[in-house]
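First to last, the protein sequences are chains A and B.
Counting from 267, one number per residue, gives the positions in the first sequence under the working numbering.
Counting from 311, one number per residue, gives the positions in the second sequence under the working numbering.
A short worksheet on the structure shown next.
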Amino acid sequence: MKKFMIINLIMAATFIFSSCTKKEDVILIGEYGSLTGDDATFGISTNKGIKMAFDEINAKGGIKGKKIKLVTEDNQGKNEETAKVVNRLITQEKIVALIGEVASSRSLIAAPIAQKHGIPMVSPSSTNPEVTQKGDNIFRVCFIDPFQGLVMAKFAIENLKAKKAAIFRKNGDAYSEGLANVFVAEFKKMGGEIVKDIQYQPKDIDFNAQLAEIKAKKPEVIFIPGYYSDAGNIAKQAKKIDLKAILLGGDGWDSPKLHEIGGDAINGQYFSNHYTTESTDPVVVEFIKKFKARYNDEVPDGLAALGYDAAKIVAEAIERAAEVKPNLIRDEIAKTKDFAGVTGKISMNAERNAVKSAVVVQVDGEKRKYVTTISP
Amino acid sequence: MEELLQHLINGLSLGSIYALIALGYTMVYGILQMINFAHSEVYMMGAFFAYYTAKYLNLSSSPGFGSLAIVLVVTMVLCSLLGLAIEKFAYRPLRKAPKLNVLITAIGVSLFLQYFAQLVFGADPKVFPTLIEEQTLFTIAGAPIKSFDVTILVVSLVSMGVLHFLVYHTKLGKAMRAVSHNASVASILGINVSRVIAYTFIIGSSLAGIGAILVGIKYQKIEPMMGTMIGLKAFVAAVLGGIGSIAGAVTGGLILGISEILVVVYGSSQYRDALAFLILIFILLVKPAGMFGKNRIEKV
Numbered sequence: 267m268k269k270f271m272i273i274n275l276i277m278a279a280t281f282i283f284s285s286c287t288k289k290e291d292v293i294l295i296g297e298y299g300s301l302t303g304d305d306a307t308f309g310i311s312t313n314k315g316i317k318m319a320f321d322e323i324n325a326k327g328g329i330k331g332k333k334i335k336l337v338t339e340d341n342q343g344k345n346e347e348t349a350k351v352v353n354r355l356i357t358q359e360k361i362v363a364l365i366g367e368v369a370s371s372r373s374l375i376a377a378p379i380a381q382k383h384g385i386p387m388v389s390p391s392s393t394n395p396e397v398t399q400k401g402d403n404i405f406r407v408c409f410i411d412p413f414q415g416l417v418m419a420k421f422a423i424e425n426l427k428a429k430k431a432a433i434f435r436k437n438g439d440a441y442s443e444g445l446a447n448v449f450v451a452e453f454k455k456m457g458g459e460i461v462k463d464i465q466y467q468p469k470d471i472d473f474n475a476q477l478a479e480i481k482a483k484k485p486e487v488i489f490i491p492g493y494y495s496d497a498g499n500i501a502k503q504a505k506k507i508d509l510k511a512i513l514l515g516g517d518g519w520d521s522p523k524l525h526e527i528g529g530d531a532i533n534g535q536y537f538s539n540h541y542t543t544e545s546t547d548p549v550v551v552e553f554i555k556k557f558k559a560r561y562n563d564e565v566p567d568g569l570a571a572l573g574y575d576a577a578k579i580v581a582e583a584i585e586r587a588a589e590v591k592p593n594l595i596r597d598e599i600a601k602t603k604d605f606a607g608v609t610g611k612i613s614m615n616a617e618r619n620a621v622k623s624a625v626v627v628q629v630d631g632e633k634r635k636y637v638t639t640i641s642p
Numbered sequence: 311m312e313e314l315l316q317h318l319i320n321g322l323s324l325g326s327i328y329a330l331i332a333l334g335y336t337m338v339y340g341i342l343q344m345i346n347f348a349h350s351e352v353y354m355m356g357a358f359f360a361y362y363t364a365k366y367l368n369l370s371s372s373p374g375f376g377s378l379a380i381v382l383v384v385t386m387v388l389c390s391l392l393g394l395a396i397e398k399f400a401y402r403p404l405r406k407a408p409k410l411n412v413l414i415t416a417i418g419v420s421l422f423l424q425y426f427a428q429l430v431f432g433a434d435p436k437v438f439p440t441l442i443e444e445q446t447l448f449t450i451a452g453a454p455i456k457s458f459d460v461t462i463l464v465v466s467l468v469s470m471g472v473l474h475f476l477v478y479h480t481k482l483g484k485a486m487r488a489v490s491h492n493a494s495v496a497s498i499l500g501i502n503v504s505r506v507i508a509y510t511f512i513i514g515s516s517l518a519g520i521g522a523i524l525v526g527i528k529y530q531k532i533e534p535m536m537g538t539m540i541g542l543k544a545f546v547a548a549v550l551g552g553i554g555s556i557a558g559a560v561t562g563g564l565i566l567g568i569s570e571i572l573v574v575v576y577g578s579s580q581y582r583d584a585l586a587f588l589i590l591i592f593i594l595l596v597k598p599a600g601m602f603g604k605n606r607i608e609k610v
């Protein structure tokens, strides 16, 4: 009997002790993203970048003697799931900082929740301006839509010498509409003409009718600010009807699957992106080397690079903060200045947006040929 | 003129896909007076069956009519088995139950298949293999006629022709029409009603499988939720033509397909889905039995 009691006591003690150490010894950071769904490669790439960043930090002993533990939740690329998983991360997992999302419309859903609970949220790649306007806890490490729209309009006019452009936007999508509106305004301002501005619906697979309309107006370039699965499909259907205009897109095209879906039709088209794998910057070279070694030779896309940068910025802010508390971490993220990231030098401005330049790349199968850099 | 012709061709191929799926709804309704909401999921599963068949047999490396035929046959068999299984395990036990129970079961089966597919195949979209090489076959008044559109049209027309022959010129078809007219009298006359129902599901599901392959060939993107919208549209097409009527389903599908394309071209894609349902409401108001439907009076 006595023996039993002792064993019980020991067990209880270890249980209490271990549960104590668990809470004290790790720093919980949450991530939400589309690991499955229509734009699954966005979530998967970002997740790979974040994991790599935290594992590097943990291998060096962590932050303030504590290891970082990443809690990742899949929102299946759906708006309604996003609210659910973000609430869960904050109220049940008790995370101190949140990283996500790629798609602006889903970041826009998560931002008010993070703001309400006072948890700092860093979006790696949501480019819609409204995301960080949701409150002073919301940050991003990428440029914003007006800039991407401006970059592509400038590129079309200056590099491609285009005069006539058509827009093919995704109806009701914060990212797509944001880019399209700025492109229209800037392209006109620079002396170009928008010959057709037409839209498609989410989940559409048949773009023939709209493409035939665009073809009739004979544009030199078509701006398609959608995500890769739509862009690939559109390029394919455009080729089938012999629509020869050059296709332009934003960072939403950046996915290893773009070429799988678009095939030959997507080759030679251009999109704006956050970084280029052809860069000779030692930070980038080092990142690509480590990423390839870790993920069986996969070339990191822009989203993986941004995920990596976002994770590193959060980690540095925690390191600088006096204590591991959400409000203190927030203040330190806001002070980020000249952080040497893979996607360029990152400084937070007063609107909590990263100020940096964009690159234009040309699709060549799985590869992305660097074309030019356009600064703000 | 050239563009209008192009739009009409697009509408025709979209419409014939709607028609193929609408036939599945209409046939089951004709026999069982129930709306088989799981039909759109048989269609979705058909796309995945075809995808994996082509992948497993490595058919995309040798596109052509041989490959298309193999994929068509395998997919039709698998879809038939799925349709049969749904009928046997979900609907047959409820044959004597009130209509509403069967309807709710159908919705349940539909949701089950959607999420089952997400679990097994993954939720991200897949790229359908190239079964037919794209080429311009000939040109009519400046509008290029593509091999896909011809394939879609030929395959749909042949399927519909076979169906028509089956229903109006064979013993099985006669039995089907008899069961559709009055199941209990048919069974008194020695018709095996359960077997006729099973055949109906086999035919309807095969047609859904064909439709799925045609969509795969033309649009190349397949995913577990692809059945929802197209299923709803096909259902509208079936009601528009008069549910229970085979000619009605085909006409309804074509009308819907062509008018949707024209709305996108001359209006905006925002109104496209609204149009489908506006047509439905209009038909229900003006001619509740649909274009080819007979107004049957419920006798007490």
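In this text, a Cβ means the ideal position worked out from N, Cα and C, and glycines have one as well.
Being a predicted model, the structure only gives us computed values, none of them experimental.
Item, Value
"Can you tell me whether residue 285(A) is buried or exposed, with buried defined as 16 or more other CB within 10 angstroms of its CB?", "Because the pLDDT of residue 285(A) is 47, which lies under 50, any placement of that residue in the model is unreliable, and the number read from its coordinates should be weighed accordingly. So residue 285(A) counts as exposed."
"Do you know how far the Cα of residue 478(A) is from the Cα of residue 449(B)?", "16 Å"
"Find the nearest neighbour of residue 587(B) within the set 443(B), 384(B), 511(B) and 543(B), judged by alpha-carbon distance.", "543(B)"
"Look up residue 539(A) in the DSSP assignment and say whether it is helix, strand or coil.", "strand"
"Name, in chain order, the residues that DSSP records as bridge partners for residue 627(A).", "537(A) and 636(A)"
"What residues are listed by DSSP as bridge partners for residue 482(B)?", "Answer by DSSP bridge pairing: none, since residue 482(B) is not bridged."
"If you run the structure through DSSP and keep just helix, strand and coil, what is residue 622(A)?", "coil"
"Determine the DSSP secondary structure at residue 602(B), reduced to helix, strand or coil.", "coil"
"Out of curiosity, what's the CA-to-CA distance linking residue 535(A) and residue 512(A)?", "6 Å"
"Taking one C-beta from the stretch 375-386 of chain B and one from the stretch 556-563 of chain B each time, how about it: are there three or more such pairs within less than 8 Å?", "no"
"Using beta-carbon positions only, say whether residue 533(A) and residue 627(A) come within less than 8 Å of one another.", "no"
"Would you kindly report the start and end of the unbroken beta strand (DSSP E) that includes residue 454(B)?", "453-456"
"Could you give the distance in angstroms between the alpha-carbon of residue 470(A) and the alpha-carbon of residue 510(A)?", "22 Å"
"Span of the alpha helix (DSSP H) holding residue 316(B)?", "312-342"
"Does DSSP classify residue 561(A) as helix, strand or coil?", "coil"
"Got a sec? Which residues, its chain only, sit under 6 Å from residue 403(B) by beta carbon, not counting five neighbours each side?", "none"
"At least one CB of chain A closer than 8 Å to the CB of residue 534(B): is that the case?", "no"
"Taking the C-alpha atoms as reference points, what is the distance between residue 398(B) and residue 550(B)?", "29 Å"
"Rounded to whole angstroms, what is the Cα-Cα separation between residue 530(B) and residue 321(A)?", "39 Å"
"Given that residue 539(B) touches chain A, what residues does it touch there, using C-beta distances under 7 Å?", "469"
"Output needed in chain order: residues of the stretch 537-558 of chain A with a Cβ under 9 Å from some Cβ in chain B.", "none"
"Report yes if the C-beta distance between residue 508(A) and residue 567(A) is below 8 Å; otherwise report no.", "no"
"Run through DSSP, which three-state label would residue 437(B) get?", "strand"
"Can you give, in chain order, each stretch of the beta strand (DSSP E) that sits fully within the stretch 562-614 of chain A and has at least 3 residues?", "605-607 and 610-612"
"Determine the chain B residues that contact residue 535(A) at a beta-carbon separation under 7 Å, and present them in chain order.", "Residues of chain B passing the Cβ test: none, with the nearest at roughly 18 Å."
"Could you check the C-alpha separation between residue 413(B) and residue 351(B) for me, to the nearest Å?", "15 Å"
"For chain B, is any of its Cβ atoms less than 8 Å away from the one on residue 483(A)?", "no"
"Considering only residues of the same chain and omitting the five flanking positions on each side of residue 373(B), which have a CB-CB separation below 7 Å?", "440, 441, 442 and 443"
"Confirm, please, whether the CB-CB distance from residue 482(A) to residue 313(B) is below 8 Å.", "yes"
"According to DSSP, simplified to helix, strand and coil, what is residue 546(A)?", "coil"
"Can you check whether the C-beta of residue 564(A) is within less than 8 Å of a C-beta belonging to chain B?", "no"
"For the candidate residues 463(B), 464(B) and 511(B), whose alpha-carbon lies nearest to that of residue 486(B)?", "511(B)"
"Quick test of your reading: residue 509(B) and residue 467(B), contact by CB under 8 Å. State the CB separation rounded to the nearest angstrom.", "That pair is no contact at about 22 Å."
"Would you call the stretch 446-456 of chain A in contact with the stretch 412-429 of chain A, where contact means no fewer than 3 C-beta pairs closer than 8 Å?", "yes"
"Among 590(A), 443(A), 638(A) and 601(A), which residue has its Cα nearest to the Cα of residue 361(A)?", "590(A)"
"Let me confirm a value: residue 308(A) is counted as buried when at least 16 other C-beta atoms fall within 10 Å, else exposed. Which label applies?", "buried"
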